[in-house]
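FYI, UniProt numbering numbers position 387 of the sequence shown as 387, with every residue one higher than the one before it.
Glycine included, each C-beta is placed from N, C-alpha and C at the ideal position.
Here the structure is a predicted model, which is why all the values come from computation and not from measurement.
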Amino acid sequence: MSILKRLGERGFQALLRRLERRADTPLRAGALTRAGYGRLGSGERLDFLEKAVAQAVADAPEPERPDVFARLLDSGAGKLSAEVRRALPGRWLAGLAPELRPRVYLGALLDTLDRGLAPLDPAARQGADARIVKKLAIDRALEQADLAEVLRPGDHPIVLGPWTMEVGFELLYWIPLLRRYLREAGIPPERVVAVSRGGVGRWYGDLAGRYVELFDHMTPAEFRALGESVEAAHEGKKPFLPTEPERALVARLAGELGLEGYRTIYPAALYGLFRTTWIRRFGGETFLPALDYAPLERAWPRPAGLPFQGPYVAVKFYASEFFDGEGVAPFVERLLRRLAERHRVVLLNTGLRLDDHSDAAGLLPGLPADRLFDATPLLTAADNLAVQTALVAGADKLYCTFGGFSYLGPLLGVDTLSFFTHTHFVSSHLDLALRAFNREGYGALGFLPVAAMDEAAVAALAGGAEGARP
């Protein structure tokens with residue numbers, strides 16, 4: 001409805017004339033004439049228009065897609081300004097495979113109109129959001145059609161990854177999405193190879209019979225360079241299409257493994273699916289039908305390098321856009337000192353700079369190693385997440401920055417308290433985590449503002465009998 005109002009009847013007629021001239025649209029095929037279109041109700045018009053535009057762009061040769069998309073918008077909404085043209089996802093759109101079909105273009109169309117022309121009014125936004133939920137989030141047929149070639153019956157190997165990004169997206173979205181796809185397609189683990197980093201093969205234990213550790217094939221510096229090249233290739237951190245660096249890496253690994261006829265599910269399958277639902281901040285119930293959660297195995301061996309026996313709590317604070325500012329360091333020190341009065345504390349520091357996060361807690365004067373222990377000496381790049389997972393699995397509780405790592409505790413059945421200083425995170429992630437973990441077999445996830453953590457609050461959080469000093 002909002003797009004109809006914005007285009008006006010003259011704009012629609014111009015757009016329809018352009019669509020009529022394309023042999024690959026329903027108009028040219030006789031599905032609907034301009035006269036018939038004029039008799040449709042406004043909601044039916046909008047639905048038809050979106051599908052026709054989407055299909056016209058999808059069927060154009062790849063190099064022409066950005067121009068086709070821009071020309072169709074030009075004809076229907078007046079000439080696009082240079083600013084709006086820059087907002088078009090040109091490189092991303094140019095590389096879209098035809099099988100992605102209209103759901104991607106619907107999101108691009110609405111996003112572009114939102115950003116460049118006029119904001120949707122509340123009533124129109126509600127209608128648009130409902131369509132996007134249907135077409136982007138839980139449309140099972142479209143999701144499966146995107147991956148039909150990968151998931152088709154046969155004996156070809158399937159590669160998952162390479163996963164080079166945040167722990168949170170891997171735990172909350174990537175692995176549950178893969179579990180759903182593979183389970184519904186009936187693909188056994190022996191056909192599947194997971195590619196990730198940090199020794200997380202057991203995270204994929206029920207999905208993949210083989211695991212490839214990226215740090216067995218590259219140095220930390222090369223890993224960082226890979227992440228930068230993926231970001232540069234896509235002009236953003238989240239690749240909505242497989243990038244050339246990812247394709248080249250998978251081809252090299254497949255050659256080393258002797259995989260023949262393999263197919264790959266790239267991380268873009270996740271980011272392309274949920275892109276618009278994240279942008280529009282939908283609640284967790286939108287995502288749940290597409291995801292299949294399962295707790296992680298909790299029986300991880302206790303790392304041999306711990307300098308004490310018995311129970312402990314785990315702590316992981318790292319700098320992020322949600323956890324910084326003047327109040328962070330005093331809060332972390334207060335909490336560590338209070339925790340160490342009653343518990344042995346293991347700091348899940350790594351000393352590694354593999355992304356834009358860095359350790360935000362350290363050893364404190366006057367606290368011996370048997371009360372506050374830094375786990376950095378226990379791990380390397382190739383096993384850092386495996387060691388941290390083992391330490392969380394063996395802990396009585398996890399205290400950490402709110403963010404991706406805070407999902408690990410609940411998946412291991414460990415109650416977790418997470419902290420934040422800023423609220424400009426995507427609320428969809430938190431809402432989904434709370435819904436997904438609110439059942440038997442998962443630990444609880446707490447979510448607290450640092451601003452409310454005065455001395456009394458910190459003392460209360462650090463209390464408890466388990467793990468207390470004898």
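I need the DSSP call for residue i, collapsed to helix, strand or coil.
{"i": "ARG210", "result": "strand"}
{"i": "TYR318", "result": "strand"}
{"i": "THR401", "result": "strand"}
{"i": "GLU455", "result": "helix"}
{"i": "GLY78", "result": "Because the pLDDT of GLY78 is 36, which lies under 50, any placement of that residue in the model is unreliable, and the question is left without a value."}
{"i": "LEU364", "result": "coil"}
{"i": "VAL313", "result": "strand"}
{"i": "THR219", "result": "coil"}
{"i": "residue 484", "result": "The structure shown does not extend to residue 484, since the chain spans only 1 to 470, so no value can be given for it."}
{"i": "residue 521", "result": "An answer regarding residue 521 cannot be provided, because it is not within the stretch 1 to 470 covered by the chain."}
{"i": "ARG281", "result": "coil"}
{"i": "ALA460", "result": "helix"}
{"i": "ARG103", "result": "Low confidence applies here, because ARG103 scores a pLDDT of 38, under 50, leaving its location unreliable; read the following figure in that light. Three-state result, ARG103: helix."}
{"i": "ALA434", "result": "Per the sequence presented here, residue 434 reads as Leu, with Ala not at that position. Helix."}
{"i": "PHE331", "result": "helix"}
{"i": "GLU297", "result": "coil"}
{"i": "GLY255", "result": "helix"}
{"i": "PRO188", "result": "coil"}
{"i": "ALA145", "result": "With a pLDDT of 40 at ALA145, under the threshold of 50, the predicted position of this residue should be treated as unreliable, though the coordinate-derived value follows. Helix, per DSSP."}
{"i": "LYS135", "result": "Legend: pLDDT at LYS135 = 39, less than 50; position of this residue unreliable, value from coordinates given subsequently. Residue state, collapsed to three classes: helix."}
{"i": "THR389", "result": "helix"}
Have a look at the DSSP bridge pairing and note the partners of residue i.
{"i": "VAL193", "result": "VAL159 and ARG210"}
{"i": "PRO449", "result": "PHE420"}
{"i": "ASP374", "result": "LEU347"}
{"i": "PHE323", "result": "SER320"}
As a quick exercise: from the options, pick the residue whose alpha carbon is nearest that of residue i.
{"i": "GLU297", "options": "GLY463, LEU445, GLY441 and ASP396", "result": "GLY441"}
{"i": "VAL192", "options": "HIS343, LEU257 and THR416", "result": "LEU257"}
{"i": "LEU336", "options": "TYR312, GLU326, PRO189 and LEU352", "result": "TYR312"}
{"i": "LYS238", "options": "LEU391, PHE274, ALA452 and SER427", "result": "PHE274"}
{"i": "PHE308", "options": "ARG344, LEU160 and TYR399", "result": "ARG344"}
{"i": "LEU411", "options": "THR286, ILE187, ALA232 and LEU445", "result": "LEU445"}
{"i": "ALA254", "options": "PHE447, VAL212 and PRO365", "result": "VAL212"}
{"i": "GLU341", "options": "LYS397, LEU367 and LEU434", "result": "LEU367"}
{"i": "GLY272", "options": "TYR399, TRP174 and ASP155", "result": "TRP174"}
{"i": "ASP155", "options": "LEU434, GLU260 and ALA290", "result": "GLU260"}
{"i": "LEU291", "options": "LEU364, PRO189 and ARG179", "result": "ARG179"}
{"i": "TYR204", "options": "TYR293, HIS217 and THR286", "result": "TYR293"}
What do you reckon, are the CB atoms on residue i and residue j nearer than 9 Å?
{"i": "PRO162", "j": "PRO267", "result": "yes"}
{"i": "VAL346", "j": "ALA395", "result": "yes"}
{"i": "GLY409", "j": "ALA314", "result": "yes"}
{"i": "TYR318", "j": "GLY403", "result": "yes"}
{"i": "ALA436", "j": "LEU241", "result": "no"}
{"i": "TYR407", "j": "LEU171", "result": "yes"}
{"i": "VAL328", "j": "THR421", "result": "yes"}
{"i": "GLY413", "j": "PRO301", "result": "no"}
{"i": "LEU391", "j": "GLY283", "result": "no"}
{"i": "ALA375", "j": "VAL387", "result": "yes"}
{"i": "VAL167", "j": "ARG281", "result": "no"}
{"i": "LYS316", "j": "LEU270", "result": "no"}
{"i": "LEU364", "j": "GLU333", "result": "yes"}
Would you report the Cα separation of residue i and residue j, rounded to the nearest angstrom?
{"i": "ILE265", "j": "ASP454", "result": "47 Å"}
{"i": "TYR37", "j": "HIS429", "result": "Legend: pLDDT at TYR37 = 46, less than 50; position of this residue unreliable, no value from coordinates given."}
{"i": "ALA185", "j": "ASP206", "result": "14 Å"}
{"i": "PHE323", "j": "THR416", "result": "16 Å"}
{"i": "ALA457", "j": "PHE331", "result": "11 Å"}
{"i": "residue 475", "j": "THR380", "result": "Nothing about residue 475 can be reported from this structure: the residues present for the chain run from 1 to 470 only."}
{"i": "GLY310", "j": "ALA462", "result": "18 Å"}
{"i": "VAL150", "j": "ARG263", "result": "5 Å"}
{"i": "VAL250", "j": "TYR181", "result": "20 Å"}
{"i": "VAL200", "j": "GLY325", "result": "32 Å"}
{"i": "SER418", "j": "ALA452", "result": "13 Å"}
{"i": "GLY351", "j": "LEU385", "result": "13 Å"}
{"i": "ALA459", "j": "LEU339", "result": "8 Å"}
{"i": "ASN438", "j": "THR389", "result": "21 Å"}
{"i": "ALA128", "j": "ALA221", "result": "Reliability of the predicted coordinates at ALA128 is poor, the pLDDT of 44 falling under 50, and the value obtained from them is presented with this limitation in mind. Approximately 44 Å, taken between the alpha carbons."}
{"i": "ALA148", "j": "LEU177", "result": "15 Å"}
{"i": "ARG103", "j": "GLU228", "result": "With a pLDDT of only 38 at ARG103, under 50, the local geometry of the prediction cannot be trusted, and the value read off the model is given with reservation. Each residue's Cα considered, the two are about 28 Å apart."}
{"i": "PHE215", "j": "ALA382", "result": "5 Å"}
{"i": "residue 488", "j": "THR164", "result": "Since the displayed the chain opens at 1 and closes at 470, residue 488 lies outside it and no answer follows."}
{"i": "PHE373", "j": "GLU244", "result": "42 Å"}
{"i": "VAL450", "j": "LEU160", "result": "37 Å"}
{"i": "ARG353", "j": "PRO377", "result": "15 Å"}
{"i": "GLU190", "j": "ARG210", "result": "7 Å"}
{"i": "ALA208", "j": "ALA194", "result": "6 Å"}
{"i": "VAL230", "j": "ARG371", "result": "42 Å"}
I'd like to know if residue i contacts chain D, where contact means its C-beta is closer than 9 Å to some C-beta of that chain.
{"i": "LEU347", "result": "The chain inventory of the structure shown lacks chain D, comprising one protein chain alone."}
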